[in-house]
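**Q** Just add 54 to wherever you are in the sequence shown, counting from 1, and you've got our numbering.
Okay, handing you the structure first.
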Amino acid sequence: MLYRLILWLVLPFVLLRLWLRGRRDPTYRPRWRERFGFYSGSPTQGAVWFHTVSAGETIAAAPTIRAMTADQGPVLVTTMTPTGSERVASLLGDAVAHCYAPYDFTYAVRRFLTHVKPRALILMETEIWPNLILEAKARGIPVMLVNARLSEQSARGYRRFRWLSRRVLECFDLIACQTAEHAQRFIELGVKAERVQTVGNVKYDLDLPVDVQERAAELVQPQRRYWIAASTHPGEEELVLQAHLAALKSHPRLTLLLAPRHPNRADELASLLDRLTQSASVTWCRYGDWAAQTEPTAGDCSIVLIDEMGVLMPLFLLSEVAFVGGSLVPRGGHNPIEPASLGTPVITGPHDFNFSQVYADLKAANACQQVSEASLTSVLVELLNDSAAREALAAAAGRAAACRTCS
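Okay, structure coming up:
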């Protein structure tokens with residue numbers, strides 16, 4: 055009751071935040087009623103409900119979901135972000151139904167469950183929402199948490215609110231964890247050991263596009279070299295751009311492929327690019343112009359702003375170095391498995407706690423290099439200058455990703 059009371063108190067702020075996000079990013083405006091349990095059209099009833107939150111989780115879960123559509127009948131995939139919705143459409147198409155998941159208000163959750171009547175609920179990683187889980191369990195719906203992770207910091211938080219967390223965690227029929235350490239933390243919080251398994255990280259289970267090499271070959275320009283900064287956040291792009299401008303002094307044919315975590319920030323980054331490149335005699339362009347070569351000079355752009363979803367795989371392949379963002383700022387880092395699987399040397403900042411085990415695996419295999427704000431430029435230039443070091447990192451990254459996938 056206390057948790058539900060708190061939710062009611064914050065409802066005005068939830069509505070305000072949704073409105074503000076809709077102003078900044080118009081893709082948040084359509085179907086906003088779904089977030090409160092109001093759905094149009096005929097429901098997909100009796101489906102296995104798979105909740106993937108955003109783009110990264112959707113990409114990771116796609117192979118599992120495809121297998122489920124063949125073996126388990128209809129599947130409903132919900133997300134919380136428009137980018138996640140786009141990933142569902144592009145990766146899974148008509149094989150699944152999709153809508154936004156309800157916020158964790160009791161009335162919204164109940165309306166959703168009545169509308170959909172799911173056969174089972176599968177949540178990804180850390181999506182532990184009390185009302186959603188308790189209401190599903192009360193209706194006899196099996197509840198599972200897959201690719202589960204629980205950091206020591208999060209575990210301390212759950213212990214402080216044990217009066218709520220224990221009751222919720224006891225509802226899970228299965229918790230499939232990334233590592234034994236995560237599994238032990240769930241058990242210590244009161245989950246029965248027989249309901250907890252260690253299965254590894256599903257984000258290693260990549261479906262590499264069969265045409266990725268052809269797509270990369272179509273994009274590469276003669277005599278140019280490429281590096282990529284992927285999934286960057288505010289506070290990182292300026293550091294990346296400063297490193298690139300410094301590297302251009304010794305590598306004038308170098309192109310930075312700048313891919314922000316949220317492509318809707320493209321206009322904001324365009325202003326930053328204009329400001330930083332005006333005095334440096336450096337040109338930049340957007341991905342669409344660069345890929346289509348609509349302008350004669352597009353192929354020689356020193357910076358390409360990636361403002362589209364679903365195009366990173368071939369860009370990782372043609373890049374000599376891949377910086378994975380969210381790691382120079384305390385966002386916890388993003389998934390390095392895609393560039394590693396393609397044999398691209400990976401560098402990351404110090405904040406990698408969202409993928410701590412993955413980065414630990416890569417670092418143990420000498421397949422990843424950690425940088426700071428101060429060392430980003432020097433490490434980038436060193437790797438660009440040393441082909442043997444790049445090849446060693448690339449080979450180690452490919453082996454580490456392949457080994458973990460096989461296991």
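No residue lacks a Cβ here, since even glycine has one placed at the ideal position from N, Cα and C.
Predicted, not measured: the structure shown is a model, and the values here were computed from it.
#1: Assess, as a yes-or-no matter, whether the region 248 to 256 is touched by the region 271 to 282 under the definition of 3 or more beta carbon pairs within less than 8 angstroms.
#2: Is H388 near R315, with beta carbons less than 8 angstroms apart?
#3: Determine the contact status of N174 and I195, defining contact as a CB-CB distance below 8 angstroms.
#4: Roughly how many angstroms separate the alpha carbons of E224 and A230, rounded to a whole number?
#5: Please list the terminal residues of the continuous alpha helix (DSSP H) segment that includes P393.
#6: Helix, strand or coil, according to DSSP, for A451 in the structure here?
#7: Which partner residues does A237 have in the DSSP bridge list?
#8: Sorted by chain position, which residues of the same chain lie with C-beta nearer than 7 angstroms to C355's C-beta, five sequence neighbours on each side aside?
#9: Could you tell me if S325 is buried or exposed, where buried requires 16 or more neighbouring beta carbons within 10 angstroms of its beta carbon?
#10: Use the C-beta contact count for A450: other C-beta atoms within 10 angstroms, 16 or more gives buried, fewer gives exposed.
#11: Just to confirm my understanding: we take Y157, look at its own chain, exclude 5 residues before and 5 after, and list those with CB closer than 7 angstroms. What are they?
#12: Going by other Cβ atoms of all chains shown within 10 Å of its Cβ, with 16 needed for buried, is V358 buried or exposed?
#13: Please state whether the Cβ-Cβ distance between M367 and V266 is less than 8 angstroms.
#14: Please report the distance separating the alpha-carbon of V64 from that of A394.
#15: Under 8 angstroms, do R378 and A284 count as touching if we go by C-beta distance?
#16: At a Cβ threshold of 8 angstroms, is G380 touching chain B?
#17: If you pair each beta-carbon of the region 182 to 192 with each one of the region 120 to 132, do three or more pairs fall below 8 angstroms?
#18: On the three-state DSSP scale, how would you describe H152?
#19: For my contact list, P136 and Y93 are in at a C-beta cut-off of 8 angstroms; report their separation, rounded to the angstrom.
#20: In the structure shown, what three-state DSSP assignment does C460 receive?
#21: Can you check the region 329 to 395 for any beta strand (DSSP E) of at least 3 residues that lies completely inside it and give the ranges in chain order?
#22: Just to confirm the assignment, what range does the beta strand (DSSP E) spanning Q251 have?
**A** Answer, in terms of the structure:
#1: no
#2: Start at 1 with the first residue of the sequence shown, and residue 388 comes out as number 334. Start at 1 with the first residue of the sequence shown, and residue 315 comes out as number 261. Yes, these two residues count as a Cβ contact at 8 angstroms.
#3: Start at 1 with the first residue of the sequence shown, and residue 174 comes out as number 120. Start at 1 with the first residue of the sequence shown, and residue 195 comes out as number 141. A quick correction: the sequence has Ala, not Asn, at residue 174. It is a contact, given that the beta carbons lie within the stated cut-off.
#4: Along the sequence shown, one-based indexing puts residue 224 at 170. Along the sequence shown, one-based indexing puts residue 230 at 176. Computed Cα separation, rounded: 14 angstroms.
#5: As a working note, residue 393 is residue 339 in the sequence shown. Start and end: I391 to S395.
#6: One-based indexing of the sequence shown puts residue 451 at position 397. If DSSP states are grouped into helix, strand and coil, A451 belongs with the helices.
#7: Along the sequence shown, read from residue 1 onward, the residue named residue 237 stands at position 183. Note: A237 sits in no beta bridge, so no partner.
#8: Your numbering for residue 355 matches position 301 in the sequence shown. Its chain contains T309, T337, W338, C339 and W344 as the residues whose beta carbon lies nearer than 7 angstroms to that of C355, once the 5 sequence neighbours on both sides are disregarded; these appear in chain order.
#9: Locating residue 325 in the sequence shown gives position 271, counting from the first residue. Per the 10 Å Cβ criterion, exposed.
#10: Residue 450 sits at position 396 when you count from the first residue of the sequence shown. Its Cβ being crowded by 16 or more others within 10 Å, A450 is buried.
#11: Sequence index remark: in the sequence shown, residue 157 carries index 103 (1-based). Result list for Y157: V68, R89 and F90, in chain order.
#12: Within the sequence shown, the letter at position 304 stands for residue 358. With 16 or more other Cβ atoms within 10 Å, it is buried.
#13: As a position in the sequence shown, residue 367 is number 313, starting the count at 1. As a position in the sequence shown, residue 266 is number 212, starting the count at 1. Closer than 8 angstroms, so yes.
#14: In the sequence shown, counting from the first residue as 1, residue 64 sits at position 10. In the sequence shown, counting from the first residue as 1, residue 394 sits at position 340. Their Cα atoms are separated by approximately 41 angstroms.
#15: Start at 1 with the first residue of the sequence shown, and residue 378 comes out as number 324. Start at 1 with the first residue of the sequence shown, and residue 284 comes out as number 230. Before going on, a small fix: residue 378 reads as Val here, not Arg. Cβ atoms of V378 and A284: closer than 8 angstroms.
#16: The displayed structure is made up of one protein chain only, and chain B is not part of it.
#17: no
#18: As a working mapping, residue 152 is identified with position 98 in the sequence shown. Note: H152 maps to strand in three-state DSSP.
#19: Reading the sequence shown from its first residue, position 82 is the one you call residue 136. Reading the sequence shown from its first residue, position 39 is the one you call residue 93. No, P136 and Y93 are not in contact; Cβ-Cβ is about 17 angstroms, not under 8 angstroms.
#20: Taking the sequence shown and counting its residues from 1, the one referred to as residue 460 is at position 406. The predicted model places C460 with a pLDDT of 41, which falls under 50 and marks its position as unreliable, so this point remains unresolved.
#21: 338 to 340, 357 to 359 and 376 to 378
#22: For the purposes of this step, residue 251 is taken as residue 197 along the sequence shown, with counting starting at 1. Membership of Q251 in the beta strand (DSSP E) is indicated by the continuous run V250 to T252.
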